[in-house]
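See structure below.
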Amino acid sequence: MSDQPRRPRRTGKPYRRPQKDPVRILAFEALRAVDERDAYANLVLPPLLRKAREKGELDARDAALATELVYGTLRHQGTYDAVIAACVDRPLREVDPPVLDVLSLGAHQLLGTRIPAHAAVSASVELARVVLGDGRAKFVNAVLRKVARQDLDGWLEQVAPPYDADPEDHLAVVHSHPRWIVSALWDSLGGGRAGIEDLLRADNERPEVTLVARPGRATTGELLDEQAAVPGRWSPYAVRLAEGGEPGAVPAVAEGRAGVQDEGSQLVALALAHAPLDGPDRFWLDGCAGPGGKAALLGALAAERGAVLLASEKQPHRAGLVARALAGNQGPYQVIAADGTRPPWRPGSFDRVLVDVPCTGLGALRRRPEARWRRRPADLDGFAPLQRGLLRTALESVRVGGVVGYATCSPHLAETRAVVGDLLKQFPETELVDARPLLGDLPGLGEGPDVQLWPHLHGTDAMYLALIRRTG
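Numbering-wise (my numbering), the sequence shown opens with residue 152 and increments by one.
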């Protein structure tokens with residue numbers, strides 16, 4: 152009989168250490184930050200990518216994939232939730248949020264990318280093993296195998312109600328927007344099915360990076376020479392970067408002579424600056440200046456005319472951002488931290504006033520896709536008093552013959568025409584100025600005199616602008 156100890160009999164498969172995938176782990180971490188801390192992906196993702204590149208974990212191609220996984224998952228979250236709900240045996244609210252994030256990442260790879268199905272499932276299960284453990288990885292594997300049985304069109308036919316039976320719910324599931332937002336956008340847009348579907352599709356597309364050459368400090372020619380870029384569509388100061396272009400690598404941006412700014416925001420500032428006045432044109436006010444993009448453009452335009460800009464922002468840290476954006480402006484300006492509804496300046500002090508008021512941000516869902524899942528109809532009631540208060544102060548702050556620009560990055564009628572209509576009743580000695588001729592050759596501006604920009608028509612955020620002149 153041998154004295155050698157017997158080897159234990161193996162049972163089942165040998166243990167295999169899970170393979171760490173830096174791209175998908177980073178994407179998962181970004182989604183968890185968005186969910187747990189109400190963070191915005193456009194603020195969370197860049198430092199995560201930068202840290203991973205510094206550690207040598209990601210190259211440019213990996214960073215692009217991680218970005219697509221995060222933004223694609225957030226944009227299509229509503230659609231993927233409907234698909235995943237059809238593949239689990241419990242309500243989604245009973246699925247742990249980290250598990251749901253892994254499932255959503257997997258669903259996006261299966262239904263929204265060209266990654267082969269077997270690779271998408273395998274990579275998602277490995278991610279689950281690393282971040283969730285083996286037990287929940289089995290659940291992820293089972294669910295994603297069900298998801299992989301159909302393509303996106305097949306799933307939409309199954310999980311979306313027929314358009315004829317419930318148009319708004321159909322569009323909500325197919326285009327991944329909350330139903331109430333679909334309804335609000337449709338009311339604001341008007342028209343039939345084609346227009347609203349084009350808008351919802353545009354909300355789910357990756358927006359271009361647009362730069363602004365601040366007048367007197369940079370030129371579009373300078374920006375076009377720096378890297379693959381093309382001129383803007385509408386603003387004479389705009390340059391659009393090619394996909395993957397890095398704004399921080401442009402010297403003029405790094406030096407503050409140019410900035411990142413959507414063309415819709417540029418057009419709002421330009422329209423106010425070019426609106427006809429009665430009388431002098433010496434003192435301008437940006438009454439809601441943070442974080443400073445419009446203030447920097449207004450300051451540059453004011454400097455060209457010898458006018459002075461006062462940029463006011465309630466939050467001190469945001470006032471600091473405004474000061475940074477305006478640093479180096481060629482003309483006189485001042486930045487203050489002040490409540491725009493209780494201003495420290497005297498009534499009638501300004502020739503031009505801009506108030507780009509806080510709002511739901513429904514016009515920038517391309518850039519902040521997670522906002523659509525956070526906003527609620529009740530938020531409109533929270534913003535309404537502030538919006539009216541800021542416009543009231545603006546109308547009191549402009550002199551007779553001067554012009555106020557009321558702007559929002561939301562097309563919701565409760566934040567646009569309803570606010571303007573209410574204040575015009577309170578200030579009968581005012582009149583609307585037709586903003587359309589001040590925006591150049593833009594199509595689809597409607598009957599005026601106010602203007603609503605749209606992603607699907609103009610390639611901009613859905614900015615709203617009303618110009619109001621004090622007549623007495």
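Ideal placement from N, C-alpha and C gives every residue a C-beta, glycine not left out.
As the structure is a prediction and not an experimental result, all values here were calculated from the model.
*Roughly how many whole angstroms lie between the Cα atoms of Asp315 and Arg344?*
11 Å
*Using the Cα positions of Leu216 and Asp432, report the straight-line distance between them to the nearest angstrom.*
50 Å
*Counting only the same chain and skipping the five closest in sequence on each side, list residues whose C-beta sits under 7 Å from that of Ala522.*
Gly512, Leu516
*First and last residue of the beta strand (DSSP E) that includes Ser339?*
Segment 330-340 is the alpha helix (DSSP H) holding Ser339; no beta strand (DSSP E) there.
*Tell me whether Phe179 sits in a helix, a strand or coil according to DSSP, three-state version.*
helix
*Per DSSP, Ser463 forms a beta bridge with which residues?*
Ile487
*Does the ligand SAM have a heavy atom nearer than 7 Å to the CB of Ala268?*
With respect to small molecules bound, the structure shown includes none, and the ligand SAM cannot be examined in it.
*Helix, strand or coil: how does DSSP classify Phe578 here?*
coil
*Tell me whether Thr230 sits in a helix, a strand or coil according to DSSP, three-state version.*
helix
*Cα separation between Glu359 and Glu414?*
10 Å
*Among Leu472, Thr581, Tyr557, which has the Cα closest to the Cα of Leu436?*
Tyr557
*Using a threshold of 8 Å, state whether the C-beta atoms of Thr559 and Tyr615 are closer than that.*
yes
*Does the stretch 479-496 touch the stretch 457-465, meaning 3 or more C-beta pairs lie closer than 8 Å?*
Three or more pairs of CB atoms, one per stretch, sit closer than 8 Å, so the stretch 457-465 contacts the stretch 479-496.
*Note down the Cα distance separating Gly623 from Leu596, rounded to an integer number of angstroms.*
29 Å
*Under the three-state reduction of DSSP, which class applies to Leu604: helix, strand or coil?*
Coil.
*Can you tell me where the alpha helix (DSSP H) with Pro249 in it begins and where it stops?*
Annotation: the continuous alpha helix (DSSP H) that includes Pro249 extends over 248-263.
*On the premise that Val411 lies in contact with Pro398, defined as a C-beta separation below 8 Å, what is that separation, rounded to the nearest angstrom?*
5 Å
*Roughly how many whole angstroms lie between the Cα atoms of Ala447 and His607?*
27 Å
_For Ile266, the three-state DSSP class (helix, strand or coil)_ = coil
*If you run the structure through DSSP and keep just helix, strand and coil, what is Arg621?*
strand
*Pick from Ala178, Thr230, Gln228, Pro248 that is closest to Ala214, judged by C-alpha positions*: Ala178
*What three-state label does DSSP hand Leu513 in the structure shown?*
Helix, per DSSP.
*Could you work out which residue in Leu374, Gly257, Ala470 is closest to Arg175 when comparing CA atoms only?*
Gly257
*Where are the alpha helix (DSSP H) runs, 4 residues long or more, that stay fully inside the stretch 421-471, in chain order?*
444-456
*Note down the Cα distance separating Ser416 from Asp612, rounded to an integer number of angstroms.*
Rounded to whole angstroms, Ser416 to Asp612 spans 8 Å at the Cα level.
*Could you check how far apart the C-beta atoms of Leu477 and Gly441 are, in whole angstroms? I think they sit under 8 Å.*
No, Leu477 and Gly441 are not in contact; Cβ-Cβ is about 12 Å, not under 8 Å.
*Between Val404 and His609, what straight-line distance do the alpha-carbon atoms span, to the nearest angstrom?*
In a straight line, the C-alpha of Val404 is about 24 Å away from that of His609.
_Proximity winner among Arg287, Lys206, Ser339, Asp302, relative to Ala569 (alpha-carbon distances)_ = It is Ser339.
*In whole angstroms, what separates the C-alpha of Leu541 from that of Ala422?*
Straight-line Cα distance between these residues: approximately 19 Å.
*asked:* Short of 6 Å in beta carbon distance, which residues of its chain neighbour Arg526, apart from the five on each side in sequence? Order them along the chain.
replied: Thr511
*May I ask you to list the residues that DSSP assigns as paired with Gly410?*
Gly410 is bridged by DSSP to Val363.
*Same chain, Cβ closer than 6 Å to Asp304, five either side skipped, listed in chain order*: none
*Can you list the beta strand (DSSP E) stretches of 3 or more residues lying completely in the stretch 518-562, in chain order?*
549-559
*Within this structure, are the beta carbons of Thr218 and Leu254 separated by less than 8 Å?*
no
*CA-CA distance, Ala400 and Leu225?*
So the alpha carbons of these two residues sit roughly 27 Å apart.
_Ala190, DSSP secondary structure in three states_ = Note: Ala190 maps to coil in three-state DSSP.
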